[in-house]
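Protein chains: 2
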Amino acid sequence: MNPGQAEHAEHEVRTALAQRRVRYTPARRLVVEALSRAAGPLAAGDLHERLGGRVPLSSLYRTLAVLEEAQVLTREHDAAGVARYELAEWLLGHHHHLVCSVCGEVRDVGVDPAVETTITRLVARVAADAGYRAAGHRLDIEGTCAACRTA
Amino acid sequence: MNPGQAEHAEHEVRTALAQRRVRYTPARRLVVEALSRAAGPLAAGDLHERLGGRVPLSSLYRTLAVLEEAQVLTREHDAAGVARYELAEWLLGHHHHLVCSVCGEVRDVGVDPAVETTITRLVARVAADAGYRAAGHRLDIEGTCAACRTA
DNA sequence: TTCCTTGCAAACGATTTGCATTGGA
DNA sequence: TCCAATGCAAATCGTTTGCAAGGAA
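Line by line, the protein sequences give chains A and B. Numbered according to this note's numbering, the first sequence spans residues 1471 to 1621. Numbered according to this note's numbering, the second sequence spans residues 1471 to 1621.
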């Protein structure tokens, strides 16, 4: 997310939290800022590092829980089972993940809207056939990143 | 997986393990059988239950690790971060997952091969654009299952 | 004052591992 | 015989929580 977008997201978050009567404290702001700078979902440990240890892990987890509850961010789990957090889709935009099977890096990747429409339609049909009502989808692309391919 | 397919998978597993000089012990067979009967990936706790506690959890985890190492099964993590295991794609066939966001159930779902081809091509292109070489993909469809919609 | 937030330390739960025992080739 | 597999108990590690102190409204 570029600086302009990040600033915009910042404002959206402030508004969303205000509506939910949730305070936008320094720790929460630090987390939102770090996540808007990230190229993909981050683990609590990553965030802790990037914040220079200014937010202790237990507080960090609590902060993350509050922001998740407020739907400002989402949580998922990487191949190792470690939780990774990123800004919610309404802030970051719909996207998918490139996962390097060598180093484990997870990177956001956008997809052409026309193609997304195709995927969404397909997903809805597959779900309906199985008696589900589709609400969303997640597409992870496993592969090898350029760095790991070179090394 | 129907009984005929399960029997076939059973044989494939036996062969694969033999080639790798890995024994097909009773515990390993029980796990493979339970997984071929499952409608989706199971957590270690689920397996432990389905096996009537005959395989202690620590042994079960070791069994799962051996079978994963032998590429007989794969591990992933559900929304709660708990590991779930299922037979590898070369045994089960390529498929995707329907995830009920209410009860958390994960169910396998196959997709029309023509559509799979489309997805695979799209995935390869998206990956290439980002400097990745695509090796596979994973599509999870989030929704509400019929049971949870009715309740 | 009255909540909400914080930080430390202790608790938790899923998963892993050390070690002594068992069992198959 | 010998190495792999097992089962129990203890350890590990990411994550959560109890509790007392600090801060904002």
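Yeah, the Cβ is synthetic: ideal placement off N, Cα and C, and Gly gets one too.
Beta-carbon separation (whole angstroms), residue i vs residue j, contact threshold 8 Å
| i | j | result |
| --- | --- | --- |
| histidine 1565 (chain A) | aspartate 1578 (chain A) | 5 Å |
| tyrosine 1555 (chain A) | proline 1511 (chain A) | 6 Å |
| alanine 1549 (chain B) | glycine 1522 (chain B) | Not quite, the Cβ-Cβ distance comes to about 27 Å (not below 8 Å), so this is no contact. |
| threonine 1570 (chain B) | threonine 1620 (chain B) | The sequence shown places cysteine at residue 1570 (chain B), rather than the threonine named in the question. Contact flag wrong, Cβ pair sits at about 12 Å. |
| alanine 1540 (chain A) | alanine 1486 (chain A) | 7 Å |
| valine 1501 (chain A) | leucine 1517 (chain A) | 6 Å |
| alanine 1616 (chain B) | glycine 1601 (chain A) | 4 Å |
Check whether residue i and residue j have beta carbons under 8 Å apart
| i | j | result |
| --- | --- | --- |
| alanine 1553 (chain A) | valine 1542 (chain A) | no |
| valine 1593 (chain A) | isoleucine 1611 (chain B) | yes |
| leucine 1561 (chain B) | valine 1492 (chain B) | no |
| arginine 1498 (chain A) | leucine 1537 (chain A) | yes |
| arginine 1524 (chain B) | alanine 1476 (chain B) | no |
| leucine 1609 (chain A) | histidine 1607 (chain B) | yes |
| valine 1576 (chain A) | histidine 1567 (chain A) | yes |
| histidine 1547 (chain A) | glycine 1515 (chain B) | no |
| alanine 1509 (chain B) | arginine 1520 (chain B) | no |
Cross-strand partners of residue i (DSSP beta bridge)
| i | result |
| --- | --- |
| leucine 1543 (chain A) | A:Leu1557 |
| threonine 1620 (chain A) | DSSP output for threonine 1620 (chain A) lists no bridge partner at all. |
| threonine 1614 (chain A) | B:Arg1603 |
Unbroken stretches of the alpha helix (DSSP H), 4 residues or longer, contained in the segment 1483-1514 of chain A
1496-1507
Check each residue of the segment 1507-1533 of chain A: if its Cβ is closer than 8 Å to any Cβ of chain B, include it; give the result in chain order.
none
Scan the segment 1543-1558 of chain B for residues whose Cβ lies nearer than 9 Å to a Cβ of chain A and list them as they occur along the chain.
Arg1545, Glu1546, His1547, Asp1548, Ala1549, Ala1550, Gly1551, Val1552, Ala1553
Listed from N- to C-terminal order along the chain, which residues in the segment 1561-1586 of chain B have their beta-carbon within a distance smaller than 8 Å of any beta-carbon of chain A?
His1566, Leu1568, Cys1570, Ser1571, Arg1577, Val1579, Val1581, Val1585
For a minimum of 4 consecutive residues, which ranges assigned as the alpha helix (DSSP H) are wholly contained in the segment 1554-1611 of chain B?
1559-1562, 1583-1599
Which residues, taken in chain order from the segment 1590-1620 of chain A, show a beta carbon closer than 7 Å to some beta carbon of chain B?
Leu1592, Val1593, Val1596, Ala1597, Ala1600, Gly1601, Tyr1602, Arg1603, Ala1604, Ala1605, Gly1606, His1607, Arg1608, Leu1609, Asp1610, Ile1611, Glu1612, Gly1613, Thr1614, Cys1615, Ala1616, Arg1619
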